[in-house]
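In this note's numbering, the protein residues as written are 940 to 1417.
Note that the Cβ used here is the ideal one computed from N, Cα and C, for glycine as well.
Since we're looking at a predicted model, the values are computed, not measured.
Everything below concerns the one structure shown next.
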């Protein structure tokens, strides 16, 4: 959209509705992230807001936001922008698609007073029963001036064009931890650390076959049941060092990679936070992932915990890893290769995890947070959820021997929705194949010419006693 909008362009709202064959009018809102209004104002000409009641950075479900627009033109500019953003999202009342996939709802209540220069826009929370009982989600007054608009903008239900393959939920941090919500509301910058923890992890695992598997029944499934005691003690020492350093350096967010934090190590992190993080210096930890047993079934689960170790977001992996027999033969560490060859006998083996096709997101003062485990991030349907929900921060925990695809997918995400991607990769793959593998972070493009991907190779970790790499995000600029 051009920065300069003409009056003719502002009439696009009518054409847009007519073109798409909408029933009378405007719909409502789709999902309000912490910076949803900010996103709209950035893509249209600068809208002068006369006054804002409640800073939107302190937004919560318990508050209403009142925006007063300068004049009629800014109001129409807002509506045009609104339609562009919610184009393919919204509601399908007939199939209850909206109601099945969202657990937080909002509607847009725009009240135009008799004085055109005092236009009110109000966002209010609502629940499923309200949308069922009240289809007219938009109320426009001042009929003398807006008769035609009011006729167009009444009782319109916009149908979702994309039937997402994954269900998803969006929760609000305010509901989970008001103290953390307030802490993050005050942040103007974020200090984030990516940690590889430890290369030479010795895993304990078991194998099994699954006659009901949709994968080749002759393949063997594997599950990591734990980490060997010797490796675990080394990792515990590393965790203590890393947490100490993060507290000393006032780090806000700490990220661990996939399949590095089992139950015992998660308890170790919690104990250290309770003992040393009373000032809430570390705000969030992305606690890697591991294979956890739930009701006799294993899942690869990643968790985000708060300053005290409480889980505030949990994500299940949906795309199992497959280790081919050809790849096993390329393992450089002889004892590991022999162990695999003895067990798997030239067969492929699969990550034997249960599957849950659901994406969980968290709204916070620093943006909408998404969490993804390794191959899930490469899945188009998963990324589609992140795009359609306008995720701001995406944390990817991984244990991969090929990060090229992750680079490419992070480029796609950041161009679609300007999301920031933090990819934290376990160096265990590097260790067993004796090659270079990397973690990275990927920031939104400031311009097409500027490369915003930053690579963090494992070799660089060796120069740091705690195996960490640091990055600073300025929330006011990036």
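Notebook entry, point to check: If you draw a straight line from the alpha carbon of residue 1164 to that of residue 1205, how long is it in whole angstroms?
Noted result: 14 angstroms
Check: Out of 1304, 1316, 1335, which has the shortest C-alpha to C-alpha gap to residue 1114?
Finding: 1304
Checklist line | Local Cβ density within 10 Å of residue 1341, reported as buried at 16 or more and exposed below that | finding: exposed
Item checked: residue 1207 classed as buried or exposed, judged by whether at least 16 other C-beta atoms fall within 10 angstroms -> buried
Note to self: Applying the 10 Å Cβ sphere with the 16-neighbour rule, what's the burial state of residue 1235?
What the structure shows: exposed
Notebook entry, point to check: Thinking just about the alpha-carbon of each residue, which of 1337, 1352, 1353 is nearest to the one in residue 1362?
Noted result: 1337
Note to self: Rounded to whole angstroms, what is the Cα-Cα separation between residue 1226 and residue 1343?
What the structure shows: 24 angstroms
Next item on the list: Have a look at residue 1290 and residue 1215 and give me their C-alpha separation to the nearest angstrom.
Entry: 36 angstroms
Check: So, do the segment 1122-1132 and the segment 1312-1321 have three or more beta carbon pairs nearer to each other than 8 angstroms?
Finding: no
Next item on the list: Count the other CB atoms, across all protein chains shown, that sit within 10 Å of the CB of residue 1294; report buried if there are 16 or more and exposed otherwise.
Entry: exposed
Notebook entry, point to check: Per DSSP, residue 1250 is paired with what?
Noted result: 1244
Next item on the list: Tell me whether the beta-carbon of residue 1480 lies closer than 7 angstroms to the beta-carbon of residue 1166.
Entry: Residue 1480 is absent from the model: the chain starts at 940 and stops at 1417.
Notebook entry, point to check: Where does residue 1172 sit, in a helix, a strand or coil, going by DSSP?
Noted result: helix
Check: Around the C-beta of residue 1288, are 16 or more other C-beta atoms found within 10 angstroms, so that it is buried, or is it exposed?
Finding: buried
Check: Relative to the alpha-carbon of residue 1209, which residue among 1300, 1292, 1189, 1179 has its alpha-carbon at the smallest distance?
Finding: 1179
Check: When DSSP labels each residue in this structure, what does residue 1318 get in the three-state scheme?
Finding: coil
Checklist line | Proximal residues to residue 1245 (C-beta, below 6 angstroms), its chain only, five neighbours per side dropped | finding: 1116, 1119, 1251
Check: In whole angstroms, what separates the C-alpha of residue 1197 from that of residue 1348?
Finding: 18 angstroms
Check: Name the DSSP beta bridge partners of residue 1288, please?
Finding: 1159, 1262
Note to self: Let me check understanding here. Comparing Cα to Cα, which of 1350, 1319, 1302, 1351 lies closest to residue 1331?
What the structure shows: 1302
Notebook entry, point to check: Helix, strand or coil: how does DSSP classify residue 1355 here?
Noted result: helix
Item checked: Supposed contact pair residue 1184 and residue 1123 - C-beta distance, whole angstroms, cut 8 angstroms -> Not really, about 21 angstroms apart at Cβ, beyond 8 angstroms.
Item checked: N-terminal and C-terminal residue of the beta strand (DSSP E) that residue 1143 is part of -> 1142-1147
Check: Is residue 1297 helix, strand or coil when you go by DSSP?
Finding: strand
Notebook entry, point to check: If you run the structure through DSSP and keep just helix, strand and coil, what is residue 1135?
Noted result: coil
Notebook entry, point to check: Can you list, in chain order, the stretches of the beta strand (DSSP E) that have 3 or more residues and sit fully within the segment 1192-1221?
Noted result: 1192-1195
Item checked: Simplified DSSP assignment, three categories, for residue 1343 -> helix
Checklist line | residue 1257 and residue 1307 closer than 7 angstroms at C-beta | finding: no
Next item on the list: Since I believe residue 1324 is in contact with residue 1298 (beta carbons under 8 angstroms), could you give me their beta-carbon distance rounded to a whole number of angstroms?
Entry: 5 angstroms
Notebook entry, point to check: What is the rounded straight-line gap between the Cα of residue 1057 and the Cα of residue 1345?
Noted result: Note that residue 1057 has pLDDT 34, beneath the 50 cutoff, so the model's placement of it is unreliable and no number is given.
Next item on the list: On a CA-only basis, which of 1357, 1161, 1143 is nearest residue 1237? Give me that one, please.
Entry: 1161
Item checked: Outcome for residue 1108 when other beta-carbon atoms lying within 10 angstroms are tallied against a minimum of 16 -> exposed
Next item on the list: Could you check the C-alpha separation between residue 1262 and residue 1144 for me, to the nearest Å?
Entry: 14 angstroms
Notebook entry, point to check: Roughly how many angstroms lie between the CA atoms of residue 1141 and residue 1352, to the nearest whole one?
Noted result: 34 angstroms
Next item on the list: Return the residue from the list 1254, 1217, 1168, 1173 that minimises the CA-CA distance to residue 1110.
Entry: 1254
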